[in-house]
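Numbering (my numbering), first residue to last: 336 to 711.
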């Protein structure tokens with residue numbers, strides 16, 4: 336019985352040892368296969384680091400203002416009898432906008448003209464007598480004064496009549512009508528807004544540190560969301576001669592053409608003040624940058640020789656860089672790469688340092704300095 340148990344135990348041990356041997360050989364084979372296999376190269380797009388000349392500009396925001404703008408008001412009180420303009424119309428300087436009731440003034444003018452005629456007759460008689468040495472100099476002076484007073488009174492009434500005909504002080508576009516026929520206007524009551532908007536001004540502020548960079552005549556570009564996909568061009572025309580002591584900024588004004596009258600006073604706008612000197616930079620697409628808290632980097636594509644096969648392959652080497660300004664789809668590199676280096680432009684997120692890569696630029700985006708997205 337004891338021999339039977341020992342035989343069974345030995346047989347079981349041999350079976351276990353056989354199983355361990357088989358599994359061990361399988362594991363070793365898998366390890367050897369893993370050592371011989373390599374990860375396939377990563378397909379990426381690449382671009383060359385190029386030197387570009389970028390314009391330097393000062394970016395800010397501003398508010399549009401009419402070259403001439405006023406709310407037309409009544410000079411004298413009176414009732415509106417006639418409105419001769421349409422809201423939103425273009426008018427010339429001197430065009431009649433509103434007529435007020437002048438019935439009373441016309442009656443006063445007839446009385447004043449009668450007084451002028453009487454004073455003139457008296458003056459002529461006294462003058463004739465004075466020339467004949469019959470009348471005194473004082474009588475002549477009194478008659479002359481009464482005549483001049485009567486003429487002045489008549490002229491004053493004519494002036495009142497003229498002021499009750501409200502005219503456009505300059506050429507421009509009218510706004511919304513603020514009165515109706517029959518309304519009694521008081522002195523200074525608003526009638527309509529009148530704005531001259533071609534050309535048009537834009538007012539903005541710049542920090543005092545930028546004051547040495549600007550001068551009259553610099554080019555200005557303006558965009559506004561009120562006029563999509565259009566850039567307006569103008570030039571800097573005025574620099575305020577004082578700095579705001581609260582904001583430490585200088586107020587600046589530029590003039591722009593507005594022939595289509597699409598820009599209106601009060602609009603908000605974005606501005607670029609173009610500086611005269613260009614800046615030479617090394618530029619790469621923004622998609623080539625791997626951003627990280629410990630430092631930004633790019634992957635430079637390098638040629639390396641395989642030690643075993645002797646074949647040359649392309650690998651990606653991570654290179655930390657110092658970034659500069661951004662322009663459109665590009666970023667300036669201030670340090671870390673050289674002109675002519677090839678960097679990974681798309682697929683950066685799937686590249687590892689030292690990993691083999693294959694360049695395929697068929698699907699590479701078209702990088703631009705001034706992109707215009709369709710939905711911008």
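Every residue gets a Cβ at the ideal spot worked out from N, C-alpha and C, and that includes glycine.
Cβ of residue i within 8 Å of any chain C Cβ
i: residue 676; result: Absence of chain C from the displayed structure is noted, only one protein chain being present.
Given residue i as reference, the closest of the options once Cα atoms are compared
i: residue 592; options: 581, 612, 610 and 571; result: 571
i: residue 386; options: 475, 697 and 675; result: 675
i: residue 608; options: 348, 350, 345 and 393; result: 393
i: residue 632; options: 659, 418 and 616; result: 659
i: residue 448; options: 481, 423 and 427; result: 481
i: residue 680; options: 694, 360, 655 and 673; result: 694
i: residue 666; options: 358, 586 and 384; result: 384
i: residue 535; options: 402, 581 and 464; result: 402
i: residue 626; options: 378, 684 and 639; result: 684
i: residue 457; options: 442, 472, 467 and 479; result: 479
Under the three-state DSSP convention, the category residue i falls into
i: residue 522; result: coil
i: residue 614; result: strand
i: residue 652; result: strand
i: residue 346; result: helix
i: residue 676; result: coil
i: residue 470; result: coil
i: residue 664; result: coil
i: residue 683; result: helix
i: residue 702; result: coil
i: residue 390; result: strand
Residues near residue i in its chain [Cβ-Cβ closer than 6 Å; skip 5 each side]
i: residue 733; result: In the structure displayed, the chain extends from 336 to 711; residue 733 sits before or after that span and is not available.
i: residue 635; result: 652, 654, 676 and 678
i: residue 583; result: 543
Distance, residue j Cα to residue i Cα
i: residue 325; j: residue 614; result: No information on residue 325 is available, as it lies outside the stretch 336 to 711 that the chain covers here.
i: residue 712; j: residue 700; result: The requested residue 712 is not part of the displayed model; the chain covers only 336 to 711.
i: residue 602; j: residue 399; result: 5 Å
i: residue 611; j: residue 668; result: 22 Å
i: residue 419; j: residue 432; result: 5 Å
i: residue 474; j: residue 491; result: 26 Å
i: residue 445; j: residue 539; result: 55 Å
i: residue 537; j: residue 547; result: 20 Å
i: residue 656; j: residue 589; result: 38 Å
i: residue 576; j: residue 545; result: 14 Å
i: residue 511; j: residue 422; result: 5 Å
i: residue 578; j: residue 549; result: 14 Å
i: residue 598; j: residue 533; result: 9 Å
Same chain only: Cβ atoms within 8 Å of residue i, ignoring 5 sequence neighbours per side
i: residue 499; result: 410, 411, 413, 434, 435, 436, 437 and 440
i: residue 568; result: 554, 555, 556, 557, 591 and 592
Task: Runs of beta strand (DSSP E) wholly within the segment 394-462 (minimum 3 residues, chain order) - done: 413-418 and 431-435
TODO: Output the residue ranges of the beta strand (DSSP E) runs that lie fully inside the segment 526-598 and measure 3 residues or longer, sorted by chain position.
DONE: 554-559, 562-578 and 584-591
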